[in-house]
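Numbering (our numbering), first residue to last: 31 to 503.
Each residue gets a CB set at the ideal place from its N, CA and C atoms; glycine is no exception.
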Amino acid sequence: MPENNKNLLQTMGDFKALEYTQAVAEIMSLRKRGQVPLAYIRTYGCQQNVADSQKIQGMLSLCGFEFADTPDDADLILFNTCAVREHAEDRVFGNVGALKNLKRSHPSITIALCGCMMEQKHIADRIYKSFPFVNLVFGTHSIHNFAKLYYECLTYGKRIIVAETDDRVIHEEVPVKRDGEFKAFVPIMYGCDNFCSYCIVPHVRGREKSRSSASVLADVKQLINDGYKDITLLGQNVNSYGKGLEENITFAELLRQIDAIPGDYRLRFMTSHPKDCSKELIDTIAGSEHIERHLHLPFQSGSDRILKAMNRKYTRQDYIAIAAYAKEKIPELQITSDVIVGFPGETYEDFAQTLTLVEEVGFSSLYTFIFSPRAGTEAFDMQDETLPQEKSNRFAELLKLQEEISHRRSAAMQGQTVKVLVESKTDKPGMVSCRTSGNIIIEAQGEQSMVGTFKQVQITSAGNYVLKGIILD
Ligand code: SAM
Ligand code: SF4
Ligand code: F3S
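If you want it as C-alpha cells, here you go:
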C-alpha cells in the first residue's frame, strides 16, 4: 500500500467491492497514461457526511486516486450533499450549475452527487432533468457501492441515478481514509428514529441502527495506536446507542469501555438528545479520564408548547434539570446547543422562553437556525403566520444575547491555565489555533511542529468566541 494511504483503516480482505476498485484503477491508468488520477470531493452538512466522504476517499484511494483542492484538474468531481435546510440545498444547486462549463471543456470528467439530498426523489428527478451533465447520483444508503457505481459509469458511459432505500445493513467493511493525522470521527450509529417534526434527517438517513461495541472499540484502539489524539463518536442521537443490538449495552457503558483504553487522547461525542441524556451518562463523563468536558445538547426551543409541536419529547424543565445536574457534577463543563427560531406558530412569548432558557443555562456557544420548511416533514404543512422580518429580528435578538453570555464566560476564563490540543496554524504568521477540553478555541504563538500535540496554555485575553493565550512550555 502506498505510504500516503497509511491511515486507511481497512479490512481489505472483506471489502466486497475490492474487484471494482481494481477495475476502476485499471481504467484510470489507461486513461491517464501513468499520471495519478485526481478526485475533488466537496462535503456539505454535518460530521456524518464528513465521515461518509472519508469512506468514499478510502475507496478512491484503493482505486489509485489522490485528492485535489479545486475541481479544475480533477477526473472525478463529487459533491456530498446536505438536505437539512433549504439554504444548504440551494448552495448545492448553485455549485453544480457552475460545473457546466468545466464539463463542456473536459467531457471525460465524471460529475457525481451523493448524500442526504439525493435520498429525496424530487431532488434526484430535478437533477436528472435540469443538470444533464451530472453522470452519477446516489444516496446515503449506497455509499458502500460507490466503487461499483463509478465503474459502471466509466464503462457504460450512461448516467446512473440510484434510488436505494435499504437502510437495514451496516457495511463495516468499507475502507476509510481520514483527513489529517490526529483528529478522527468514528460513527457509532446511523440514521434516526426520532422524527422531530421539522427534521428531514430520518427521511434521508433511515432508521436508527447501532454498530456493535466490538467494531467501535476495534476502530478506536486502532486510531489510538496510530497516534490519533482527538476522537469524536458520531450519531444523530448517541444517547440511544445500543437499541436493537443483540448485546446489552448503553452509550454510557460504551464510553466507559473506550475510556479504559490507555493512551494520550481525547474522546468526544455528538449529538446528545436531551430526552435520552441520563444521569448515568453525566456520571460517566465526570468519572472519566479521556472524555472531554463538553456536552453538545440541542434544546431547539425554550417553550413547552413549541417543544411539543416539534415532537422533542422533553420539557423546558427536563432540559434545565439535566443541564443543572451536569454542571453540578462537572463544574468545568461547557454546554453548547442548537436552537431553531421561527418554528411555525412560535409567538414572541414562546421565543422569550428561549431567551430565558439561554440565560439560565449559560451556554458557551449556540448554533442558531431560522426554521426552514422541509418537504416530507410534519412541520412542512403547519400554519406559519410569522413574517420573515419578525423571524430575523428574533434571530438577531438571540445572537446578541448569546454574544453577551459568551463574552462573560470568556472573560471569566482570563488568567486560567488550561490543557489544549494544538490543531492548526492560523492565517496570522507564527500563530496556532488550540482547542480546550470544553471545546473553546484559543489562539497562541506557536509553530507547525506543535500541531497535533497537547500543551498547557495560559489565557491572556478574551474575545467573544476566540481567546488569546501563551503556550507555557
Ligand atoms: N440529531 C441532532 C439533534 O437532535 O439535536 C441534530 C441534527 S440536525 C442535523 C442539526 C440541527 O439542525 C438541529 O439540531 C436543528 O437545530 C437544525 N435543524 C434541523 N432541521 C431544521 C429545519 N428544518 N430548519 C431549521 N433548522 C433545522
Ligand atoms: Fe433530526 Fe431530531 Fe433526529 Fe436530530 S433527533 S436528527 S433533530 S429527527
Ligand atoms: Fe445534512 Fe444529512 Fe447531516 S441532512 S446535517 S448531512 S445527516
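- As the crow flies, the alpha-carbon of L108 is around 5 angstroms from that of I71.
- In this structure, the CA atom of T100 is about 45 angstroms from the CA atom of T377.
- With a cut-off of 8 angstroms on Cβ pairs, the segment 277-294 is not in contact with the segment 324-331, counting fewer than three such pairs.
- Restricting attention to G187, D249, V246 and M148, the CA atom closest to the CA of I139 is found in G187.
- With distances taken between CA atoms, P328 lies nearest to M300 out of I157, H320, M300 and L311.
- If you look at F215, you'll find it in the beta strand (DSSP E) that goes K213 to P217.
- The three-state secondary structure of C229, taken from DSSP, is coil.
- By the C-beta density criterion, Y397 is exposed, having fewer than 16 other C-beta atoms within 10 angstroms.
- The beta carbon of T366 sits closer than 8 angstroms to those of H324, L325, H326, L327, F393, S394, S395, L396, Y397 and N469, all from its chain and outside the five residues before and after it, given in chain order.
- DSSP, read as helix, strand or coil, puts Q478 in helix.
- With contacts defined by Cβ atoms closer than 7 angstroms, L311 and A282 form a contacting pair.
- Excluding its 5 nearest sequence neighbours in each direction, Q444 has C-beta neighbours in its own chain below 6 angstroms: I489 and A492, listed in chain order.
- Taking 7 angstroms as the cut-off, the Cβ atoms of K421 and I400 count as close.
- Between M89 and E119, the C-beta spacing is not below 7 angstroms.
- The straight-line gap separating the alpha-carbon atoms of I279 and S318 is approximately 18 angstroms.
- Within a 10 Å sphere around the beta-carbon of T447 sit fewer than 16 other beta-carbons, which makes this residue exposed.
- Not a single heavy atom of the ligand F3S lies less than 6 angstroms from the C-beta of A339.
- In this structure, E453 places its C-beta atom within 7 angstroms of the C-beta atom of R465.
- By the criterion of a C-beta distance shorter than 7 angstroms, L451 is surrounded in its chain by K259, D260, R296, C464, R465 and F484, once the five residues flanking it on both sides are discounted.
- Beta-bridge partners of D289 (DSSP): none assigned.
- Every residue whose beta carbon comes nearer than 6 angstroms to a heavy atom of the ligand SAM appears here in chain order: C76, V114, R115, Y228, C229, V231, Q266, N267, T301, H303, P328, Q330, D368, I370, F399, F401, S402 and R404.
- Between S308 and the set G274, A354, E238 and N341, the nearest pair of CA atoms involves A354.
- Taking the C-beta atoms as reference points, F215 is found no nearer than 7 angstroms to Q87.
- Considered as a whole, the segment 318-386 harbours 324-326 and 364-371 as its complete beta strand (DSSP E) runs of no fewer than 3 residues, in chain order.
- The C-alpha of L385 lies about 20 angstroms from the C-alpha of N341.
- For F401, the secondary structure class from DSSP, reduced to helix, strand or coil, is coil.
- Using a cutoff of 6 angstroms, the CB of C307 does not count as near the ligand SF4, since none of the ligand's heavy atoms is closer than that.
- Your pair E149 and V234 checks out as a contact, with CB atoms roughly 4 angstroms apart and the cut at 8 angstroms.
- For V391, the CB contacts under 7 angstroms within the same chain, skipping 5 residues up- and downstream, are I350, A353 and I365 in chain order.
- CA-to-CA, the gap between V388 and Q432 works out to about 7 angstroms.
- Exclusion of N224 from the 6 angstroms shell around the ligand F3S follows from its C-beta lying no nearer than that to any non-hydrogen atom of the ligand.
- The closest CA to that of H152, considering only A193, I435 and K251, is found on A193.
- At the C-beta level, A177 and A47 come within 7 angstroms of one another.
- For D313, the enclosing alpha helix (DSSP H) starts and ends at K309 to A316.
- The C-beta distance from F168 to L179 rounds to 6 angstroms, short enough to meet the 8 angstroms contact threshold.
- A distance criterion of 6 angstroms places the beta-carbon of N423 beyond contact range of the ligand F3S, judged by its closest non-hydrogen atom.
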